[in-house]
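Taking it in order: structure first as structure tokens, then the write-up.
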Amino acid sequence: MKSRRYKIKIYCKRCGYHLFTYLKEGGEPQALKKCYIDNIIGDFTKDHMHCPECNEEFSHGETIIHGRRAYKISRSKVYVRR
Ligand SMILES: [Zn+2]
1159 MKSRRYKIKI YCKRCGYHLF TYLKEGGEPQ ALKKCYIDNI IGDFTKDHMH
1209 CPECNEEFSH GETIIHGRRA YKISRSKVYV RR
């Protein structure tokens, strides 16, 4: 089954910096736990782990989920807008 994809923006909760623009595959936008790297369409970070503005660590780094490269996201460190 092909899931519907929609665009979301991911922001740093501490300072509001726009970190990623991302194509989410189904599910609720607030239930974000990971970002598949091939679905990131805008990357405004330097190292994919820290906010370049306030240096908050919003990701635990890279992992493999369902055979695809992804960044693990700390849900408490970000907020999401459609
Ligand atoms: Zn920040």
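Under our numbering, the residue at position 73 of the sequence shown is numbered 1231, and the numbers go up by one with no gaps. No residue lacks a Cβ here, since even glycine has one placed at the ideal position from N, Cα and C. Note that this is a predicted model, so its numbers are computed, not measured.
Status (buried if at least 16 other CB within 10 Å, exposed otherwise) for residue i
i              : result
alanine 1189   : exposed
threonine 1247 : In the structure displayed, the chain extends from 1159 to 1240; residue 1247 sits before or after that span and is not available.
heavy atom of ligand 1 below 6 Å from residue i C-beta
i              : result
tyrosine 1175  : yes
glutamate 1214 : yes
cysteine 1170  : yes
cysteine 1149  : In the structure displayed, the chain extends from 1159 to 1240; residue 1149 sits before or after that span and is not available.
Among the options, nearest to residue i - alpha-carbon criterion
i               : options                            : result
isoleucine 1198 : Arg1233, Glu1183, Tyr1237          : Glu1183
histidine 1218  : Lys1165, Pro1187, Val1236          : Val1236
methionine 1207 : Asp1196, Ile1231, Arg1172          : Ile1231
alanine 1228    : Gly1185, Glu1186, Lys1165, Lys1191 : Lys1191
Beta-carbon proximity check, residue i vs residue j, cutoff 7 Å
i              : j              : result
arginine 1163  : leucine 1177   : no
tyrosine 1194  : arginine 1226  : yes
threonine 1179 : lysine 1167    : yes
cysteine 1173  : glutamate 1215 : no
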